[in-house]
Every structure is written in C-alpha cells, then in structure tokens.
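In our numbering, the protein residues as written are 324 to 644. Heads up: the structure comes next, in structure tokens.
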C-alpha cells in the first residue's frame, strides 16, 4: 500500500514531509496545458485527480468533457477510460464528473457523476460501461476508508453519508441538519477526506471553512477558515480539495484566492504552500485551483481548473535539507 494519500484512504505518511516542508514555487504542467478542448492532449475544466503511484499514472475528472482521463507520467497525451461519449446518463456516459478514486480491491474506478446524480463504478479491465452503485444523490466528492466503506458528499442536502457495501440508504456522518453555518451544519459540502480514525474532513465551501467531524460526533470542529470569506491567512474563499497528513495538518485548495494553503493542527491561521500570486497562468499562478494530491515522494499535484492543466510542484530539497 502506498505511504501517501489515498485508497484505501487514510491520512498520508511520508517521513520527510512535516510542517517545515517547502515545495518549489513554479509548477510544471504534466497533463493538459494546451488550452481547453477535447483532444487527447487537452483538458476542459478538470476538477479532481487521483494519483496511482503503483502504475505511475494519474486519473483526471475532465469535467466539461464528461470523461475520466488516465495520464501516465511523462506522457504528452491522455487516454479516455470512462465516459467521453458526450454528456448523458447512459451506462457509457458521464455528465460533469467531479471526483474519482481507485478501488484497488475491485480494480475499478468509482466516479462522482455529478449532473447525473449518481455514483458509478467503472472496471479498469472492461471499461466500456459503468455500473450505478448509488443513485439520486447530488454528489460532489467521494472517498473510501481502510474498511472499504464509501463516503459521499451531497451538496444539495448539505450532508456526508457513509455507505457500507450493499447498503441502500447510507448513514449520515456529517451535516444533515439543514443548510447553515452552525457547527452541526454544512453549506455546500464538496470534497472530503477520511483519516485512519474515521474522522471526516469536509470542504464546507459556501461557509469558507474546513470542518472535522469525528466518528459518531453530533457536530464538527473548524480546522481551517471559518472567519468569513476573505484572503487573509486566517480566511478561505470557497475552498474545495482537502487532504490531511498523519500529524493532522490540513492542506486545502483555496479556490477563489488561487492558492494552496496548509493549516497546522490547532493553528488559527494557515500558510501559503504554492500560488497566492493572483489569478493567472504563469507557472507560479493558478486560475481557480480545484483539488490537490501528493505522490509517494511528496510531490504536490494541483488541478488548475480554469487553466485546464494539472500542475506538479516538486519538493524543494534545497529548502528542506
């Protein structure tokens, strides 16, 4: 099992990443970056990625192209592995997918097919058609814990549910108390992360904060933002992707501030990891970053949504050692 981020999803462990770790401030485009379009060397409004270290590959939700693209490290073109047959809700179609993870046990992709209001499973072996595993859900983000339970955010119901295999309804693990900004409420939850203790971290987008709901809790704890919408180091503006390390430090895509932030556990404000240089398309800028991930070496990957590219930021060894 990989040491860093993702399935079966837990907080990532990487010995040489700590609160002092720095990344090079200029990213390199490793997928897309050739304008918006539907050619195999292009992306159109990508939303999220899954880093598959085992196969030296990333999976990308190519939102406006209604497809999932697999992009091997160093490749100039991607390969469509799900959808790509125009928008729709047939079994061979997707409609604005927002998240994808790999279920290694079943050798399949699990996809949040947002505008089709469903979660679909797509085999990595026979990938012409997907299978709907959850329907009638306004999903945005999803993840899986070490037991194989699936967690899905519902941005319209303002809740996160856990789905054990075979369940039809799922169990509310965060929110579900109507839309609002109280500690027991959410307002447009998007991306989520589950740690090894089954605590759920949620990008509470329209409340401009990241919440932590411990297993069995009746309300959450603010772990990033929560000071209103803004661009100070104590604020977030429509945060999206979130990852938490084994020390409890929160990494979040601060979308409207065009930056990636790190909030150390218990801190009242965050620090800028990369970006924060205004909206733009230079290597040190973003245009609405959506999500982030890490590979096994600790390199940082950012989905640069409106620049239609995936940016890689290497660990700055000169700064760290």
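Built from N, CA and C at the ideal position, the CB exists for glycine as well. Keep in mind the model is a prediction, meaning the values are calculated, not measured.
Opening and closing residue of the beta strand (DSSP E) in which residue i lies
| i | result |
| --- | --- |
| residue 635 | 632-636 |
| residue 355 | 351-355 |
| residue 435 | 431-436 |
| residue 516 | 512-517 |
| residue 495 | 494-498 |
| residue 646 | Since the first residue of the chain shown is 324 and the last is 644, residue 646 is not available in this structure. |
| residue 385 | 380-385 |
| residue 617 | 612-617 |
| residue 342 | Neither: residue 342 is in no beta strand (DSSP E) and is coded neither H nor E. |
| residue 406 | 402-406 |
| residue 623 | 623-627 |
| residue 548 | 544-548 |
| residue 420 | 420-426 |
| residue 670 | Past the boundaries of the shown model lies residue 670; the chain is included only from 324 to 644, so the question cannot be answered. |
| residue 582 | 582-586 |
Other residues of its chain near residue i: CB distance less than 7 Å, five sequence neighbours each side excluded
| i | result |
| --- | --- |
| residue 331 | With a pLDDT of 38 at residue 331, under the threshold of 50, the modelled position of that residue is not reliable, and the figure given next carries that caveat. Within the same chain, residue 331 has close Cβ partners 467, 468, 469 and 471. |
| residue 340 | 568 and 621 |
| residue 412 | 418 and 439 |
| residue 489 | none |
| residue 462 | 435, 437, 442, 475, 476 and 477 |
| residue 641 | none |
| residue 379 | 395 and 396 |
| residue 542 | 506 and 507 |
| residue 360 | 367 |
| residue 563 | 513, 514, 526, 528, 576, 578, 613 and 614 |
Whole-Å CB distance - residue i paired with residue j, under 8 Å assumed
| i | j | result |
| --- | --- | --- |
| residue 410 | residue 418 | 4 Å |
| residue 619 | residue 376 | 4 Å |
| residue 372 | residue 614 | 6 Å |
| residue 628 | residue 420 | Contact flag wrong, Cβ pair sits at about 13 Å. |
| residue 578 | residue 561 | 5 Å |
Residue(s) in a DSSP beta bridge with residue i
| i | result |
| --- | --- |
| residue 476 | 483 |
| residue 506 | For residue 506, which the question treats as bridged, DSSP gives no partner whatsoever. |
| residue 467 | 473 |
| residue 442 | 435 and 457 |
| residue 591 | In the DSSP output, where bridge partners are listed per residue, residue 591 has none listed. |
Close Cβ partners of residue i (< 6 Å) along its chain, the five nearest in sequence each way excluded
| i | result |
| --- | --- |
| residue 565 | 514, 516, 524, 526, 533 and 575 |
| residue 530 | 504 and 510 |
Neighbourhood of residue i by C-beta distance below 8 Å, restricted to the same chain and skipping five residues each side
| i | result |
| --- | --- |
| residue 607 | 348, 349, 350, 597, 598 and 600 |
Open item on the list: For the pair the region 342-357 and the region 590-608, tell me if three or more CB-CB distances fall below 8 Å.
Closed with: Counting C-beta pairs closer than 8 Å gives three or more between the region 342-357 and the region 590-608, which meets the contact rule.
Open item on the list: Measuring CB atoms only, is the region 600-609 touching the region 540-554, in the sense that at least three cross pairs come out at less than 8 Å?
Closed with: Between the region 600-609 and the region 540-554, the count of C-beta pairs closer than 8 Å stays below three; the two stretches do not touch.
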